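Engineer: Protein sequences, first through last, are from chains G and W.
So that you can map any letter, position 107 of the first sequence is 106 in numbering that gives the first Met the number 0, and since no number is skipped, the others follow by simple counting.
So that you can map any letter, position 99 of the second sequence is 98 in numbering that gives the first Met the number 0, and since no number is skipped, the others follow by simple counting.
2 protein chains.
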Amino acid sequence: MNPLDRFAATPEPPYYAVIFTSLRNDVVEGYDDMGSRMMELAREQDGFLGVESARDAAGFGFTVSYWRDAESIRAWKMNTEHRAAQAQGQARWYEAYATRVAKVERAYDFGLG
Amino acid sequence: MNPLDRFAATPEPPYYAVIFTSLRNDVVEGYDDMGSRMMELAREQDGFLGVESARDAAGFGFTVSYWRDAESIRAWKMNTEHRAAQAQGQARWYEAYATRVAKVERAYDFGLG
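#1: Residues of chain W with CB closer than 9 Å to the CB of Y30(G), please, in chain order.
#2: Helix, strand or coil: how does DSSP classify L22(G) here?
#3: Over what stretch of residues does the alpha helix (DSSP H) that includes G49(G) continue unbroken?
#4: Taking only beta carbons into account, state which residues of the segment 29-61 of chain G come closer than 9 Å to chain W, listed in chain order.
#5: Taking C-beta pairs closer than 9 Å, name the residues in chain W that P2(G) reaches, listed in chain order.
#6: Find out if the Cβ-Cβ distance for the pair V27(G), E104(W) is shorter than 8 Å.
#7: So, S21(W) versus Y96(W), is the Cβ gap smaller than 8 Å?
#8: Measure from the C-beta of T79(G) to each C-beta in chain W and report whether the shortest distance is under 8 Å.
#9: Show which residues of chain G have a CB atom less than 9 Å away from the CB atom of D25(W).
#10: Under 8 Å, Cβ to Cβ, is there at least one residue of chain W near E104(G)?
#11: So with CB distances below 7 Å, who are the chain G contacts of F6(W)?
#12: Nearest CA to the CA of E51(W): which residue from F6(W), A74(W), T98(W) and M0(W)?
#13: Can you tell me the Cβ-Cβ gap for T98(G) and F47(G), rounded? I've got them flagged as a contact below 8 Å.
Written out as structure tokens, the structure reads:
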């Protein structure tokens, strides 16, 4: 994978971002499979624009997903399979997390051509 | 440092976020010092609320800073010392980056008490 492909190719603003900041515990079992399934499911949702993520060796990281509008985020939040994954996340894999829903007003980049 | 202290203690929305997604090159020299200085300088700015950051072993990462309003972000963007740092960042340390300025409308968390 080209490392530049880790940047989401988002359209001109306005659009929305969900900033998910999280601290993982040490439990490995099930986490990657669930993450892959949630990414697959997110990509199928109406209004999904892209996602970026990174986590450091201490288990602190971000998943920032981008969406067309607030409605598409609301629908994704309420998705039944996603809700079950959120509950499992709290019970099994996350020490703590913060989720912020934000409307992107301006964007600029460097080195992305 | 308590790992939970890596989460920014932000107020109730609305407030603003600057999502800085970046890919580092391999140049180490000068980077940490500049990062420390920019964090120190950011904390002095009117309207600064907090910051969260993480980068993975491949050099892909996030710095998300939080601000009271769009005006405080504009002032920070135009800060003379910060502008010099941005130019050095492009010349020396970053392969690519994307910056998105977004208004946080809703927020919730888990495990942060």
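All residues carry an ideal CB built from backbone N, CA and C; glycine is no exception.
Just so it is clear, the structure is predicted and the values come from calculations on it, not from any experiment.
Structural biologist: In terms of the structure at hand:
#1: The contacting residues do not exist; Y30(G) stays about 15 Å from chain W at best.
#2: strand
#3: Per DSSP, G49(G) belongs to no alpha helix (DSSP H); it is in the beta strand (DSSP E), F47 to R54.
#4: E51, S52, A53, R54, D55, A56, A57, G58, F59, G60 and F61
#5: L22, A57, G58, F59, E94 and A95
#6: no
#7: yes
#8: no
#9: Within chain G, no residue comes near D25(W); the closest Cβ sits about 12 Å away, beyond 9 Å.
#10: yes
#11: T20, A95 and A97
#12: F6(W)
#13: That belief does not hold up - the Cβ atoms of T98(G) and F47(G) are roughly 16 Å apart, past 8 Å.
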